[in-house]
Every structure is written in structure tokens, then in C-alpha cells.
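In what follows, a structure is listed as C-alpha cells, so that the remarks can point back to it.
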Amino acid sequence: MDGAPMNSDFPVVPTHNGMFLQYNIFNNLFEISSKYQPPIMPIGRGAYGIVCSVMNSETKEMVAVKKIANAFDNHMDAKRTLREIKLLRHLDHENVIGIRDVIPPPMPEAFSDVYIATELMDTDLHNIIRSNQDLSEEHCQYFLYQILRGLKYIHSANVIHRDLKPSNLLLNANCDLKICDFGLARPTSENDIMTEYVVTRWYRAPELLLNSTDYTSAIDVWSVGCIFMELMNRQPLFPGRDHMHQMRLITERIGTPTDSELGFVRNEDARKYIRHLPFFPTSAIC
Numbered sequence: 001m002d003g004a005p006m007n008s009d010f011p012v013v014p015t016h017n018g019m020f021l022q023y024n025i026f027n028n029l030f031e032i033s034s035k036y037q038p039p040i041m042p043i044g045r046g047a048y049g050i051v052c053s054v055m056n057s058e059t060k061e062m063v064a065v066k067k068i069a070n071a072f073d074n075h076m077d078a079k080r081t082l083r084e085i086k087l088l089r090h091l092d093h094e095n096v097i098g099i100r101d102v103i104p105p106p107m108p109e110a111f112s113d114v115y116i117a118t119e120l121m122d123t124d125l126h127n128i129i130r131s132n133q134d135l136s137e138e139h140c141q142y143f144l145y146q147i148l149r150g151l152k153y154i155h156s157a158n159v160i161h162r163d164l165k166p167s168n169l170l171l172n173a174n175c176d177l178k179i180c181d182f183g184l185a186r187p188t189s190e191n192d193i194m195t196e197y198v199v200t201r202w203y204r205a206p207e208l209l210l211n212s213t214d215y216t217s218a219i220d221v222w223s224v225g226c227i228f229m230e231l232m233n234r235q236p237l238f239p240g241r242d243h244m245h246q247m248r249l250i251t252e253r254i255g256t257p258t259d260s261e262l263g264f265v266r267n268e269d270a271r272k273y274i275r276h277l278p279f280f281p282t283s284a285i286c
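Residues in the sequence shown are numbered consecutively from 1, following full-length UniProt numbering.
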């Protein structure tokens, strides 16, 4: 999630007899229940839409409201939106972002956008890594501990996150960390064939790069390893330019896999690609 300018000067227009409030945020319509009172503050933007902070007048709690634009344009987007809401409603852990509300639309019979209210945090790990803020070894260890603690809980619920990256790890001023963005997460019990195109490329496990569709929760653990090294070094571990370059960076760093280690790769083209890579000896990352 990219940081947005901290500007709260967004005029509000009451709609539907004052039951809803409408804003224009970066030329995007943002319409939420009137119980969420101005001022509204954009705090992030991504491929899905916009995130704003606003106060719930009933609970007096500041929350983050994410707008998922055109959530039902296609079957895949609709399924991901429903899956994220279902998972957030069922997961309850200190290191997993808590859902506060799914804001009902003004016209339930005809709507295309979904608004989800969650706990409000101050920043994310991506911003911390890119900043000039000093990070002690104790900071890094504490962040890693919280990531693994939250991930253990998620995996114990038979859920794979599938998109762990620094920008999906939220932080507050007390260094509390919460895992967010479950749009690509899924229960391991679902019977559909697993899709390989998940996880932002730099944090993608080799089995995904090699088009495996029977991967496990281990792909999340790979992502955590990449995140921890990036946290320690303040730069990405495997900043691949594309799919093939990503795989080459991995083999250069940890060694070329043997034929026996490629047993999980069923795609023959992927196996051929690995065999044609230059040989790199096995080595430890740190």
C-alpha cells in the first residue's frame, strides 16, 4: 500500500437523506455511512482502491476504511472479496488486523463497491524499511516474532495468506505488528486447484515461480524469510525484474536445485528451465 498525502481537506456531501456521506478522494467516489464522521484522511492507495481513516461516531474509534472498487466486475474479484471478509470475520488474534465493520451500501439491490472498516495502524513495514529510522537488532527480532506468531495462528486455522510482503504488515507507534490484506488468502481445505500466480514476485517461493499448483503453507514461510532479510539489510533479498530473473537470483544465492529436489515440479518446461541455468553451489543466505 503506497502512502498518500496527509490532506484532510475533502468536502463532504450528505446523500440518501443524510444517512450516507460522499467524498471525492483523488477523483474517486468514496461513500460511507454517516456514522463515520469527517474529517476523512486518505492513508493509502493500491490496485484495489483507496484506504482512508475516519472516526466511528458510535464507538469513538478511529478506523481504516478500505474501498474495494468494482468488487463484482468478474467472478475472481467477487470471490476474493467474499473470501477476505469471511476470513477477517473469523480470525481473531493480536497480530492479525481486526475487522470492525462491513459498511452496508445505500442501495443493497444495486451496488458495485465494498467498504471494509478495520483497526487503524500508523504505518507499514515497507515504509519503515525505506525510511531513515534506525532499527536495532531487537526491533527486527520483535517484528519477526510478531509476524511468525500471527502466521502460526493463520496456519493453525488452515489458511494460507499467499501475499505476505512488507506493505501488508502494519505497525503502530508501540511497534505492535498486524498482518493485513487477506484478498489472496484461502483455506487449505478448498477443493479448487491452487493458482500459482500469487504473492508479489520478490517474496514468491520457488514452487510458485515453477508453476506448482499443489503448494502448501510453506510459501508463506519463504515470504517471511525474504521479509526478515530485507528488514535486516534495508534492501530486498531477491529483487527480480521478471519471473525468470527472480528464479535466477534465488539459484545464484542458495544454489541450483538437484533433480531430486525438483521432484515437486510437474511442469516439464519449468524443469527444463532449471536444468539450463548455470550451476551454482549450495550456500547459506546468512
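Built from N, CA and C at the ideal position, the CB exists for glycine as well.
Buried/exposed call for residue i, threshold 16 Cβ in 10 Å
i: residue 258; result: exposed
i: residue 13; result: exposed
i: residue 59; result: exposed
i: residue 82; result: exposed
i: residue 204; result: buried
i: residue 92; result: exposed
i: residue 122; result: exposed
i: residue 19; result: exposed
i: residue 166; result: buried
Alpha-carbon to alpha-carbon, residue j and residue i
i: residue 275; j: residue 249; result: 15 Å
i: residue 115; j: residue 29; result: 12 Å
i: residue 244; j: residue 53; result: 39 Å
i: residue 136; j: residue 11; result: 42 Å
i: residue 100; j: residue 120; result: 10 Å
i: residue 160; j: residue 154; result: 7 Å
i: residue 271; j: residue 263; result: 9 Å
i: residue 39; j: residue 188; result: 41 Å
i: residue 90; j: residue 279; result: 46 Å
i: residue 113; j: residue 31; result: 9 Å
i: residue 3; j: residue 134; result: Confidence is the limiting factor: at residue 3 the pLDDT is only 47, short of 50, which leaves the residue's position unreliable, though a coordinate-based value still follows. Residue 3 and residue 134: Cα-Cα distance of roughly 20 Å.
i: residue 109; j: residue 273; result: 51 Å
Cβ neighbours of residue i in the same chain (closer than 7 Å, five flanking residues each side left out)
i: residue 196; result: The predicted model places residue 196 with a pLDDT of 46, which falls under 50 and marks its position as unreliable, so this point remains unresolved.
i: residue 142; result: 175
i: residue 87; result: 159, 182 and 185
i: residue 237; result: 226, 229 and 230
Sequence-distant residues of the same chain with beta carbon closer than 6 Å to residue i, five excluded per side
i: residue 37; result: 55 and 57
i: residue 282; result: 255
i: residue 48; result: 68
Cβ shell of residue i (< 8 Å), same chain only, five flanking positions each side left out
i: residue 206; result: 222, 247, 250 and 257
i: residue 63; result: 36, 53, 54, 55, 56, 100, 101, 117, 118, 119 and 120
Residues bridged to residue i [DSSP beta-bridge criterion]
i: residue 288; result: The structure shown does not extend to residue 288, since the chain is modelled only from 1 through 286, so no value can be given for it.
i: residue 186; result: 160
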